[in-house]
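Colleague:
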Amino acid sequence: MQRVLIANRGEIALRIMRACHAAGLEVVCVYTRADSELPYLHLADDTVCVGATSYLDIANLIMAAKATGCDAIHPGYGFLSENPEFATAVEAQGLVFIGPTPASIRDMADKARARQIASDNGLTPVPGSVIIQDPRQLTQLAAQIGFPLMLKASAGGGGRGIRVVSSGESLQSEYLEATAEADAAFGDGAMYAEKFIERARHIEVQVVGDGEGGGVHLGTRECSVQRRQQKVLEEAPAPFLDQTATEKLLAAVVGFVKATRYRGAGTVEFLFADNAFYFIEMNTRLQVEHPVTEMVTGVDLVAVQLGVAAGSALPPELHNVEIRGHALECRINAEDEQFSPSPGLIESLSLPGGPGIRIDTHVKAGYLVPYFYDSMIAKLIAHGSDRPAAIARMSGALDELHVSGIATNRNVHRRILEADEFLVGSVDTGFFERSIAGQL
Ligand code: ADP
Ligand code: ADP
Ligand code: MG
Numbered sequence: 063m064q065r066v067l068i069a070n071r072g073e074i075a076l077r078i079m080r081a082c083h084a085a086g087l088e089v090v091c092v093y094t095r096a097d098s099e100l101p102y103l104h105l106a107d108d109t110v111c112v113g114a115t116s117y118l119d120i121a122n123l124i125m126a127a128k129a130t131g132c133d134a135i136h137p138g139y140g141f142l143s144e145n146p147e148f149a150t151a152v153e154a155q156g157l158v159f160i161g162p163t164p165a166s167i168r169d170m171a172d173k174a175r176a177r178q179i180a181s182d183n184g185l186t187p188v189p190g191s192v193i194i195q196d197p198r199q200l201t202q203l204a205a206q207i208g209f210p211l212m213l214k215a216s217a218g219g220g221g222r223g224i225r226v227v228s229s230g231e232s233l234q235s236e237y238l239e240a241t242a243e244a245d246a247a248f249g250d251g252a253m254y255a256e257k258f259i260e261r262a263r264h265i266e267v268q269v270v271g272d273g274e275g276g277g278v279h280l281g282t283r284e285c286s287v288q289r290r291q292q293k294v295l296e297e298a299p300a301p302f303l304d305q306t307a308t309e310k311l312l313a314a315v316v317g318f319v320k321a322t323r324y325r326g327a328g329t330v331e332f333l334f335a336d337n338a339f340y341f342i343e344m345n346t347r348l349q350v351e352h353p354v355t356e357m358v359t360g361v362d363l364v365a366v367q368l369g370v371a372a373g374s375a376l377p378p379e380l381h382n383v384e385i386r387g388h389a390l391e392c393r394i395n396a397e398d399e400q401f402s403p404s405p406g407l408i409e410s411l412s413l414p415g416g417p418g419i420r421i422d423t424h425v426k427a428g429y430l431v432p433y434f435y436d437s438m439i440a441k442l443i444a445h446g447s448d449r450p451a452a453i454a455r456m457s458g459a460l461d462e463l464h465v466s467g468i469a470t471n472r473n474v475h476r477r478i479l480e481a482d483e484f485l486v487g488s489v490d491t492g493f494f495e496r497s498i499a500g501q502l
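Note that the sequence shown covers residues 63 to 502 in my numbering.
(1) Going by DSSP in three states, C82 sits in which element: helix, strand or coil?
(2) With respect to the alpha helix (DSSP H) encompassing Y237, which residues constitute its N-terminal and C-terminal limits?
(3) Can you tell me the Cα-Cα spacing of C392 and G328, whole angstroms?
(4) Judging by CA-CA distance, which residue of H475, D490, Q64 and V489 is the nearest neighbour of T130?
(5) What span of residues does the beta strand (DSSP E) with S410 cover, start to end?
(6) Rounded C-beta distance between G86 and H424? I'm assuming under 8 Å.
(7) With distances taken between CB atoms, is the gap from P146 to R177 smaller than 8 Å?
(8) With contact counted as at least three CB pairs below 8 Å, one residue from each stretch, are the region 73-85 and the region 412-424 in contact?
(9) Got a sec? Which residues, its chain only, sit under 6 Å from P299 by beta carbon, not counting five neighbours each side?
(10) Assuming A174 and F159 are in contact, meaning their beta carbons sit under 8 Å apart, how far apart are those beta carbons, in whole angstroms?
(11) Where does D304 fall in DSSP's three states?
(12) Roughly how many whole angstroms lie between the Cα atoms of F484 and G208?
(13) Under 6 Å Cβ to Cβ from S412, same chain only, skipping five residues before and after it: list those, please.
(14) Closer than 8 Å by C-beta to D448: which residues in its own chain qualify, once you throw out the five before and the five after it? Chain order, please.
(15) If L376 and G276 are in contact, beta carbons under 8 Å, what's the gap, nearest whole angstrom?
(16) Where do the ends of the alpha helix (DSSP H) carrying R477 lie?
(17) Can you name, in chain order, every residue of its own chain whose Cβ lies under 6 Å from the Cβ of S191, other than the five neighbours on each side?
(18) According to the neighbour-count rule (16 or more other Cβ atoms, all chains shown, within 10 Å of its Cβ), is T241 buried or exposed?
(19) Which one or two residues does DSSP pair with V316 in a beta bridge?
(20) Comparing the CB of E356 with every heavy atom of ligand 3, is any distance shorter than 7 Å?
(21) Looking at the secondary structure, which residues open and close the alpha helix (DSSP H) in which A126 lies?
(22) Consider the C-beta atom of F258 and the heavy atoms of ligand 2; say whether any pair is separated by less than 7 Å.
(23) My assumption, with CB atoms under 8 Å, is that R95 sits in contact with A121. Please give the rounded CB distance.
(24) Taking I224 as the reference, which of M357, F258 and R477 has the closest Cα?
(25) Quick check: what's the CA-CA separation for A427 versus Y433?
(26) I need the boundaries of the beta strand (DSSP E) containing T329, first residue and last residue.
(27) If I'm right that T163 touches R325 with Cβ under 8 Å, what's the distance once you round it to whole angstroms?
(28) So, under 8 Å CB-CB, G161 and F318 are touching, yes? Tell me the CB distance rounded to an integer number of Å.
(29) From which residue to which residue does the beta strand (DSSP E) around T282 run?
(30) In the DSSP assignment, the beta strand (DSSP E) including E256 goes from what residue to what residue?
(31) Over the uninterrupted alpha helix (DSSP H) stretch that includes G428, give me the two end residues.
(32) What is the DSSP secondary structure of H424, counted as helix, strand or coil?
(33) Could you check the C-alpha separation between I453 and V474 for me, to the nearest Å?
(34) Determine the DSSP secondary structure at E391, reduced to helix, strand or coil.
(35) How long is the line joining the alpha carbons of Y429 and S466, rounded to whole angstroms?
(36) Taking the DSSP output, what are the residues bridged to P403?
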């Protein structure tokens with residue numbers, strides 16, 4: 063592997079470019095006409111325009127890689143990162159796909175199938191169903207699962223394609239709406255139902271597999287601070303968990319990674335309630351919140367992905383990773399007080415610094431945040447010797463952060479850090495909507 067095409071944009075494209083350059087690899091960045099002002103493009107060894115606004119044209123991306131002499135493609139997160147057709151097409155062209163095998167991606171991208179595979183390999187999914195074949199099945203399913211239940215799109219992701227149904231009266235109509243929506247959004251209307259776990263915490267495990275039955279975990283993260291099923295603030299390790307229960311979970315997850323011969327980095331997601339961990343899905347890619355794990359382990363996860371893709375054995379230090387201190391990540395979004403996207407010109411920008419602070423961002427003053435893409439413009443990460451120390455550093459960093467020209471959610475993060483529930487660790491996935499969103 064000598065030259066990597068990064069099939070993504072924004073902070074994650076820059077993050078991946080840094081790791082490639084540090085590993086001595088050349089980088090080709092793609093961009094769209096809407097994105098021609100991306101500030102990091104001049105750092106790439108070459109750049110290719112792949113369209114007007116879309117990063118989803120598989121043929122264009124592969125042509126760009128071929129034309130610029132790349133031998134590998136890193137998909138980042140979002141976009142085509144969990145698209146098995148993309149991974150297949152990349153490999154069919156003799157290029158290295160920096161990620162899992164197309165077969166693993168396919169297995170996990172179908173969330174109903176993923177539940178089955180998880181349960182066959184030692185994990186316990188949320189009580190629920192397989193794919194709903196016929197709306198008439200629903201009443202019977204609901205009787206087994208109980209209300210409230212969740213209807214979830216099997217091809218869903220990014221917090222989309224999920225709805226809570228509280229009673230039998232609206233079940234049929236909610237199902238018909240949900241399946242039509244999923245069909246429109248993901249090109250696949252398949253739905254399954256799951257018990258709605260109330261007051262659950264979102265706990266996930268970072269894993270790396272060598273593709274040959276070897277694998278490790280890199281500890282837990284907590285991502286319970288969510289708005290509409292989308293993560294807002296994450297931490298590592300997941301705090302306030304019983305150590306024995308956590309170790310049992312980690313061992314089960316490593317067993318799963320080994321049994322499925324998983325290759326590369328991935329995240330296994332769980333809901334935690336009543337002292338049990340229930341599998342919800344696996345993300346077969348680098349996660350947005352991977353930096354919190356990097357801060358507490360000292361491991362560069364993108365470097366590890368590059369190593370696995372190049373066919374190297376897992377580095378020995380991955381086998382005895384020690385968790386040091388605590389880390390938090392605040393997703394800084396260009397959005398107003400109603401949480402609506404607020405793209406536009408960044409007039410001035412001042413970024414925090416100091417011990418334990420990391421900022422992953424591609425933006426700078428004078429940059430026009432385009433209208434077409436995700437509203438996340440930066441990730442602010444703070445590490446400290448323990449959770450209170452990390453929180454203290456994060457609040458200082460939020461005070462130092464100034465963005466003018468566009469609205470951001472900085473003050474939302476301040477409210478989270480000041481909330482009693484957050485400080486004492488009684489946050490569940492309903493916390494944000496209950497205690498933060500309503501107060502603004
Ligand atoms: P993570 O689980 O890494 O925190 P998110 O769920 O926030 O990631 O998703 C990462 C990015 O990918 C976000 O920009 C999200 O909108 C996007 N994304 C993830 N899955 C899908 C999908 N199936 N369809 C569209 N966008 C997606
Ligand atoms: P996505 O692919 O969009 O990330 P997930 O299955 O990971 O979807 O679920 C995203 C979030 O939705 C979870 O973190 C949680 O907050 C909520 N959620 C998902 N399934 C359930 C459930 N069965 N009960 C309660 N909340 C759930
Ligand atoms: Mg998820």
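Glycine included, each C-beta is placed from N, C-alpha and C at the ideal position. Since the model is a prediction, treat every value here as computed from it, not as a measurement.
Modeller: So, from the listed chains and residues:
(1) Here residue 82 corresponds to residue number 20 of the sequence shown, with the count starting at 1. Reduced to three states, the DSSP call for C82 is helix.
(2) Residue numbering aside, residue 237 sits at position 175 when the sequence shown is read from its first letter. Run containing Y237: L233 to F248, per the alpha helix (DSSP H) assignment.
(3) Translated into positions along the sequence shown, residue 392 becomes position 330. Translated into positions along the sequence shown, residue 328 becomes position 266. Taking the straight line joining both Cα atoms gives about 21 Å.
(4) One-based indexing of the sequence shown puts residue 130 at position 68. Among H475, D490, Q64 and V489, the Cα nearest to that of T130 is on Q64.
(5) Stepping through the sequence shown from its first residue, residue 410 is reached at position 348. That run of the beta strand (DSSP E) goes S410 to S412.
(6) On the sequence shown, position 24 is the one that residue 86 refers to. On the sequence shown, position 362 is the one that residue 424 refers to. That pair is no contact at about 22 Å.
(7) Indexing the sequence shown from 1 puts residue 146 at position 84. Indexing the sequence shown from 1 puts residue 177 at position 115. No; because the gap between Cβ atoms is not below 8 Å, this pair is not in contact.
(8) yes
(9) Start at 1 with the first residue of the sequence shown, and residue 299 comes out as number 237. Same-chain partners within the cutoff: G281, T282 and I385.
(10) Sequence index remark: in the sequence shown, residue 174 carries index 112 (1-based). Sequence index remark: in the sequence shown, residue 159 carries index 97 (1-based). Not a contact, Cβ separation roughly 24 Å.
(11) Against the sequence shown, residue 304 aligns to sequence position 242. Coil at D304, not helix or strand.
(12) Residue mapping note: residue 484 aligns to position 422 of the sequence shown, counting from 1. Residue mapping note: residue 208 aligns to position 146 of the sequence shown, counting from 1. If you take the alpha carbons of F484 and G208, they lie about 30 Å apart.
(13) For the purposes of this step, residue 412 is identified with residue 350 of the sequence shown, where counting begins at 1. Excluding sequence neighbours, S412 sits near H464.
(14) Here the question's residue 448 lines up with position 386 in the sequence shown. Cβ neighbours of D448 beyond the five flanking positions: G387 and H388.
(15) What you label residue 376 is simply residue 314 of the sequence shown in a count that begins at 1. What you label residue 276 is simply residue 214 of the sequence shown in a count that begins at 1. Going by Cβ atoms, the distance from L376 to G276 rounds to 6 Å, so yes, they are a contact pair.
(16) Counting from 1 along the sequence shown, the entry for residue 477 is found at position 415. Unbroken alpha helix (DSSP H) run through R477: R472 to E480.
(17) Reading the sequence shown from its first residue, position 129 is the one you call residue 191. Same-chain partners within the cutoff: L203, Y254 and A255.
(18) Against the sequence shown, residue 241 aligns to sequence position 179. Answer is buried; the Cβ neighbour count reaches 16.
(19) For the purposes of this step, residue 316 is taken as residue 254 along the sequence shown, with counting starting at 1. In the DSSP output, where bridge partners are listed per residue, V316 has none listed.
(20) Here residue 356 corresponds to residue number 294 of the sequence shown, with the count starting at 1. No, ligand 3 has no heavy atom inside 7 Å of this Cβ.
(21) Locating residue 126 in the sequence shown gives position 64, counting from the first residue. Unbroken alpha helix (DSSP H) run through A126: I120 to A129.
(22) By 1-based counting over the sequence shown, the position of residue 258 is 196. Yes, ligand 2 has a heavy atom inside 7 Å of this Cβ.
(23) Against the sequence shown, residue 95 aligns to sequence position 33. Against the sequence shown, residue 121 aligns to sequence position 59. In fact, because the Cβ distance is near 18 Å, the residues do not count as touching under 8 Å.
(24) Position 162 of the sequence shown, counted from the start, is the residue given in the question as residue 224. Checked all of M357, F258 and R477; the closest Cα to I224 is F258.
(25) Reading the sequence shown from its first residue, position 365 is the one you call residue 427. Reading the sequence shown from its first residue, position 371 is the one you call residue 433. Cα-Cα distance, rounded: 17 Å.
(26) Taking the first residue of the sequence shown as position 1, residue 329 is located at position 267. Here the beta strand (DSSP E) through T329 covers R325 to A335.
(27) Position 101 of the sequence shown, counted from the first residue, corresponds to residue 163. Position 263 of the sequence shown, counted from the first residue, corresponds to residue 325. So it is a contact: roughly 6 Å between Cβ atoms.
(28) As a working note, residue 161 is residue 99 in the sequence shown. As a working note, residue 318 is residue 256 in the sequence shown. With 8 Å as the limit, G161 and F318 do not qualify as a contact, their Cβ atoms being about 18 Å apart.
(29) As a position in the sequence shown, residue 282 is number 220, starting the count at 1. From DSSP, the beta strand (DSSP E) with T282 extends over G277 to R289.
(30) Within the sequence shown, residue 256 is the residue found at index 194, counting from 1. Boundaries of the beta strand (DSSP E) harbouring E256: M253 to K257, taken from the DSSP string.
(31) Taking the sequence shown and counting its residues from 1, the one referred to as residue 428 is at position 366. Counting along the chain, G428 falls outside any alpha helix (DSSP H), and DSSP gives it neither H nor E.
(32) As a position in the sequence shown, residue 424 is number 362, starting the count at 1. Coil, per DSSP.
(33) Position 391 of the sequence shown holds residue 453. Position 412 of the sequence shown holds residue 474. One C-alpha to the other measures close to 14 Å.
(34) Walking along the sequence shown from the start, residue 391 turns up at place 329. Reduced to three states, the DSSP call for E391 is strand.
(35) Numbered from its first residue, the sequence shown carries residue 429 at position 367. Numbered from its first residue, the sequence shown carries residue 466 at position 404. For Y429 and S466, the distance between alpha carbons rounds to 11 Å.
(36) Sequence index remark: in the sequence shown, residue 403 carries index 341 (1-based). P403 is bridged to E397.
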